[in-house]
Each structure stands twice: as structure tokens, then as C-alpha cells.
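Each residue of the first sequence is one higher than the one before, counting from 14 in our numbering. For reference, the structure discussed in these notes is given below.
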Amino acid sequence: MQIATWNVNSLSVRLPQLLDWLAANPVDAIVLQETKLTDDKFPVADIEAAGYQAQWFGQKTYNGVALLSRTGAADPVRNIPGFADEQARVIAGTVQGVRVIGGYFPNGQAPGSDKFAYKMGWLDALRAWVSQELAAHPKLVLLGDFNIAPEDRDVYDPVAWAGQIHCTDEERAHFRALVGLGLHDAFRLFEQPAKSWSWWDYRNLAFRKNQGLRIDHVLVSEALRERVSACTIDKTPRRNERPSDHAPVVVTLAMPHA
DNA sequence: ATGACTCCCAGTGGGAGA
């Protein structure tokens with residue numbers, strides 16, 4: 014079983030690339046971030062034609078998430094229950110017995126800003142809810158655009174980024190607290206090339222110079238840890254014309270009855 | 001290097017992203 018995450022930075026712009034990628038990478042499920050579409054504009058027909066069922070939750074201009082799966086998702090949830098939020102950032106569902114939680118974590122803009130405070134409150138609420146979800150669903154994957162670079166090795170220039178957004182102590186403490194619920198950073202369960210990033214700035218030839226951050230993550234529960242056989246970042250779509258600034262991340266699980 | 005690019009809604013520019 015394979016599950017992916019991809020921040021597409023506008024699904025209307027990236028739909029052809031998504032369909033191409035799914036044809037080449039027929040994952041069982043994928044969560045999308047930054048669809049930037051109101052629900053009435055979601056391209057459900059194209060996605061179903063590609064062999065996926067979809068749950069989606071969006072808004073105009075900003076945010077927006079979706080969960081696509083071959084077999085459909087049971088018990089869907091949109092956003093964090095009990096956390097009043099104007100922004101469409103979370104979609105969850107149970108796919109082939111695995112609880113899949115896709116998130117587009119707040120950017121936070123800058124430490125000290127209102128948006129940073131929102132990010133901290135959102136992370137508090139997310140952790141409390143994921144803790145409950147874990148208790149109900151031991152086989153759980155939390156994945157998406159976390160907008161957090163967990164360690165200095167996840168940053169191309171950790172000196173320049175020290176204390177900057179995505180790299181603050183507060184954000185990194187939140188990442189560790191999520192892991193502390195009993196989750197594992199699937200990417201780090203394996204030997205990985207140095208300088209592995211999931212996002213590269215559009216500016217300054219950052220992709221060509223491989224100047225990026227690893228901010229898109231897949232966290233797997235303890236019950237799934239032994240089943241994880243691979244976790245990779247696919248840089249291929251970042252080489253497209255008009256690419257998203259993020260690359261997909263794919264986790265492979267050995268699921269005997271999937 | 002106070003930047004750079006891309007998307008969006010707007011409306012002939014500006015905010016947000018990361």
C-alpha cells in the first residue's frame with residue numbers, strides 16, 4: 014500500500030500534472046494541499062476518471078485540502094473537530110483500514126506575528142485531536158505540508174534560517190510533540206541522501222541549486238512502523254514546466270490484506 | 001542583496017506563500 018502527500022499550489026493549475034503523476038505512480042491514496050478551490054470547483058470528474066474517489070474541502074484563493082483514494086475513505090473528517098477555523102486545512106478518512114490524516118499546516122509568516130500565534134494554537138489543537146484519533150485508530154498516518162523543518166539537516170542553510178519561520182524552536186518543539194504521541198518520521202526510518210528537500214523556493218534558481226527545505230512529512234503510528242518499507246521524495250514533478258514549489262512524498266506500507 | 005517567482009483576485013498593483 015502506498016500513500017502520498019503533495020502540496021500542489023493550485024489544483025486548477027496543477028491538475029494535468031497530478032493526473033500524469035498518478036498515472037505513473039498509482040498510489041492507493043494521496044492527500045493534497047493548497048488546492049485553492051471552492052468545493053463547487055473541485056475537478057471530481059477528472060479525478061474519478063483517473064480511478065480515484067475523492068473527499069475535498071476548500072475555499073477561494075487560499076488553503077484547501079483533498080483526500081483521493083482507490084477504494085474510498087470511511088468516516089471522513091474536515092478540519093479539527095472542536096477547533097473553530099475559517100481555513101480549510103485538514104481532511105481525514107479511513108482507507109483500507111488505515112486512518113489517513115492530511116494536513117496543510119499554517120505557514121506562520123514570522124515569529125511573533127498573529128499568524129504565528131494562530132499556527133501555535135492550531136498545532137495545539139491538532140495534537141490533542143490526533144492523540145484521540147490514535148487511540149481510536151492504532152494504524153494511523155499523519156501526513157502533509159507541515160511547514161516545519163524538524164532539524165538543521167532539513168534546511169539547506171541552517172545558519173541563515175536559524176530562528177526563521179519553519180525553523181523556530183517553538184515549531185520544532187511542536188513537531189517533536191507530535192512524534193511524542195507515538196509517531197515516527199517515516200523518511201528518517203531509512204538511510205536518505207544528504208540534502209533531501211521537499212520544497213524549493215521559486216526564486217533564485219533554488220531548485221537548480223538544490224537549496225530547499227524538508228517541510229512535507231509522513232508520520233506513521235507505532236502499529237505501522239514495522240510495515241513501512243520505503244519513504245521517498247519524488248523530485249520529478251519539480252522539473253516540470255510550471256511546477257508546484259513542493260515535491261510529492263510517498264510512503265510504502267506492507268499491508269497483508271490490503 | 002531590502003530582490004529574485006508564482007498564484008490569486010484584482011483591475012493596470014498587492015498580498016501571501018515559505
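Backbone N, C-alpha and C define an ideal beta-carbon position, used for all residues, glycine too. For clarity, every value in this text was computed on a predicted model and none was experimentally measured.
Counting along the chain, where does the alpha helix (DSSP H) carrying residue i start and finish?
i: Leu147; result: Asp127 to Ala149
i: Pro29; result: Leu24 to Ala37
i: Ala236; result: Glu235 to Arg238
Look at the alpha carbon of residue i and the alpha carbon of residue j, and state the distance between them as a whole number of angstroms.
i: Leu35; j: Ala63; result: 8 Å
i: Asn76; j: Arg189; result: 24 Å
i: Ala87; j: Val108; result: 7 Å
i: Gly225; j: Ala97; result: 33 Å
i: Val128; j: Gly134; result: A small fix is needed here, since residue 128 is Lys in this sequence, not Val. So the two alpha carbons sit approximately 10 Å from each other.
i: Pro256; j: Arg27; result: 8 Å
i: Phe55; j: Glu47; result: 12 Å
i: Ala173; j: Arg140; result: 29 Å
i: Arg166; j: Ile228; result: 11 Å
i: Leu202; j: Ile43; result: 20 Å
i: Ile178; j: Asn22; result: 19 Å
i: Leu156; j: Lys73; result: 23 Å
i: Trp210; j: Lys222; result: 12 Å
i: Lys132; j: Pro29; result: 31 Å
i: Pro151; j: Ala236; result: 6 Å
i: Asp258; j: Arg238; result: 29 Å
i: Ile93; j: Gln205; result: 32 Å
i: Lys49; j: Pro119; result: 14 Å
i: Pro250; j: Ala149; result: 36 Å
Once DSSP output is grouped into helix, strand and coil, what is the label at residue i?
i: Thr51; result: coil
i: Ala219; result: coil
In chain order, what residues of the same chain have a beta carbon less than 6 Å from the beta carbon of residue i, not counting five sequence neighbours either side?
i: Ala219; result: Trp213
i: Phe70; result: Val78, Arg91, Ala101 and Ile104
i: Ala199; result: Val231, Val233, Val241, Cys244 and Val264
Name the two residues that bound the continuous beta strand (DSSP E) containing residue i.
i: Asn20; result: Gln15 to Asn20
i: Val262; result: Val262 to Leu266
i: Val241; result: Val241 to Ile246
Among the residues of its own chain, which have a CB less than 7 Å from the CB of residue i, if the five just before and after it don't count?
i: Cys180; result: Ala162, Val168 and Trp174
i: Thr273; result: Any question about residue 273 goes unanswered here, given that the chain covers just 14 to 271.
i: Leu147; result: Leu153, Leu194, Gly195 and Ser234
- Item | beta strand (DSSP E) segments (min. 3 residues) lying fully within the segment 156-212 | 196-198
- Any beta strand (DSSP E) of 3 or more consecutive residues that is wholly inside the segment 46-121: 66-70, 78-82, 87-91, 103-108 and 111-117
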